[in-house]
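J.: Going by the working numbering, the first residue of the sequence shown is number 47, and it counts up by one from there.
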Amino acid sequence: MTDRPARGFFATRLRNYFLTGLIICAPLAITAWITWSFILWADSWVKPYLPFSYNPDNFLPYPVPGFGLLTALMLITLVGFFTANLIGRSIVGFGESLLVRTPLVRSIYKGLKQIFQTVLQDQTNSFKKAGLIEYPSPGLWALVFIATDAKGEIAVKFRERGLDMVVVFLPPTPVPTAGFLIFVPREKIVPLDMSPEDAAKLLLSGGLVAPDHLPVTLPAMEEVAAKRGKILSRP
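(1) Is the CB-CB distance between Leu248 and Ala256 below 8 Å?
(2) For Gly177, write down the residues that DSSP places opposite it in a beta bridge.
(3) If contacts are defined as beta-carbon pairs under 8 Å, then Leu216 and Phe226 qualify, I think. What distance do you get, rounded to the angstrom?
(4) May I have the straight-line CA-CA distance separating Ala196 from Arg61, to the nearest angstrom?
(5) The beta strand (DSSP E) that contains Val331, what's its start and end?
(6) Hey, Ala176 and Pro242 are a contact pair by Cβ (cut 8 Å); roughly how many whole angstroms apart?
(7) Taking the Cβ atom as the reference point for each residue, do Ile235 and Ile192 lie within a distance shorter than 8 Å?
(8) Please state whether the Cβ-Cβ distance between Ala88 and Ala130 is less than 8 Å.
(9) Determine the direct distance from the alpha carbon of Ser90 to that of Leu65, and round the result to whole angstroms.
(10) Going straight from the alpha carbon of Ser153 to that of Ile133, what length do you get?
(11) May I have the straight-line CA-CA distance separating Pro102 from Glu233, to the nearest angstrom?
(12) Is Lys93 buried or exposed, if buried means 16 or more other CB atoms sit within 10 Å of its CB?
(13) Where Trp79 and Gly208 are concerned, what is the direct C-alpha to C-alpha distance, given to the nearest angstrom?
(14) On the criterion of 16 or more Cβ atoms from any shown chain inside 10 Å, does Gly126 qualify as buried, or is it exposed?
(15) I'd like to confirm the pairing. Which residues does DSSP put opposite Ile228 in its beta bridges?
(16) Verify whether the separation of the beta carbon atoms of Val202 and Val214 is less than 8 Å.
Take a look at the structure:
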């Protein structure tokens, strides 16, 4: 009779040790695998186009992982450097003019360029804030990423109806890369203090990984309200 509780205690401790090790090792292993896969993917795209004399794999007895990725980063940086001057802008402008005149290609290029400009420009606040909206029905709340104000013809149509709308992205769980683009009245959005990274973790984990949040003290309430009003106000 005394051996059974001892065995149960030992099995419980062993299981706890295994789960603790899994929590530590699994994220490290998955991160290393994703990073290594990305490096190999970049190398497979860049190395075949390198001149024979510039590819170290042709001279060393073993391949050099990451050389293709490093080369791509250097080339992208050089393109940005040359584009910053007048001659570089002229060359890029001429190339873009050829793409714009090409059917089918122009729509793809212009759409992709607009997306990258919106996401990568330092001046934009797109997807830098998370919020809550009532969706899909009143009383039910969904986590969204605040994109930007409604623009163009859509903004004009909303203003004619006296509506001030904000564009939000509603991602599903656990794959936040797909989702819905929704136009929401500004006053219907509840902005959150958590970062977009923390919001993405919350989505990917199905609500299991919630970011830490310190309660706001009374002296800081006005500062928080001003910050939220500035985020959701028009630029």
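Just so it is clear, CB atoms sit at the ideal spot from N, CA and C, and this is done for glycine as well.
T.: The answer reads as follows:
(1) Translated into positions along the sequence shown, residue 248 becomes position 202. Translated into positions along the sequence shown, residue 256 becomes position 210. Their beta carbons are under 8 Å apart, which means Leu248 touches Ala256 by this criterion.
(2) For this step, residue 177 is matched to residue 131 along the sequence shown. DSSP output for Gly177 lists Val190, Pro237 as bridge partner(s).
(3) The count along the sequence shown starts at 1 and reaches residue 216 at position 170. The count along the sequence shown starts at 1 and reaches residue 226 at position 180. About 4 Å; that satisfies the 8 Å criterion.
(4) For the purposes of this step, residue 196 is taken as residue 150 along the sequence shown, with counting starting at 1. For the purposes of this step, residue 61 is taken as residue 15 along the sequence shown, with counting starting at 1. Cα-Cα distance, rounded: 53 Å.
(5) No answer is possible for residue 331: it lies beyond the span of the chain, which begins at 47 and ends at 281.
(6) By one-based count along the sequence shown, residue 176 stands at place 130. By one-based count along the sequence shown, residue 242 stands at place 196. Rounded, the Cβ-Cβ distance is 6 Å, consistent with contact.
(7) The residue labelled residue 235 in the question sits at position 189 within the sequence shown. The residue labelled residue 192 in the question sits at position 146 within the sequence shown. Yes. Within cutoff.
(8) Reading the sequence shown from its first residue, position 42 is the one you call residue 88. Reading the sequence shown from its first residue, position 84 is the one you call residue 130. Going by C-beta atoms, Ala88 is not nearer than 8 Å to Ala130.
(9) Within the sequence shown, the letter at position 19 stands for residue 65. Within the sequence shown, the letter at position 44 stands for residue 90. Going from the Cα of Leu65 to the Cα of Ser90 covers about 37 Å.
(10) By 1-based counting over the sequence shown, the position of residue 153 is 107. By 1-based counting over the sequence shown, the position of residue 133 is 87. Taking the straight line joining both Cα atoms gives about 26 Å.
(11) Position 56 of the sequence shown, counted from the first residue, corresponds to residue 102. Position 187 of the sequence shown, counted from the first residue, corresponds to residue 233. Rounded to the nearest whole angstrom, the CA to CA distance from Pro102 to Glu233 is 58 Å.
(12) The residue labelled residue 93 in the question sits at position 47 within the sequence shown. Lys93 comes out buried.
(13) Locating residue 79 in the sequence shown gives position 33, where the first residue counts as 1. Locating residue 208 in the sequence shown gives position 162, where the first residue counts as 1. If I take the Cα positions, the gap works out to 51 Å.
(14) Within the sequence shown, the letter at position 80 stands for residue 126. Gly126 comes out exposed.
(15) Counting from 1 along the sequence shown, the entry for residue 228 is found at position 182. BP columns for Ile228 point to Val214.
(16) Taking the first residue of the sequence shown as position 1, residue 202 is located at position 156. Taking the first residue of the sequence shown as position 1, residue 214 is located at position 168. Against a cut-off of 8 Å, the Cβ pair of Val214 and Val202 comes out as no contact.
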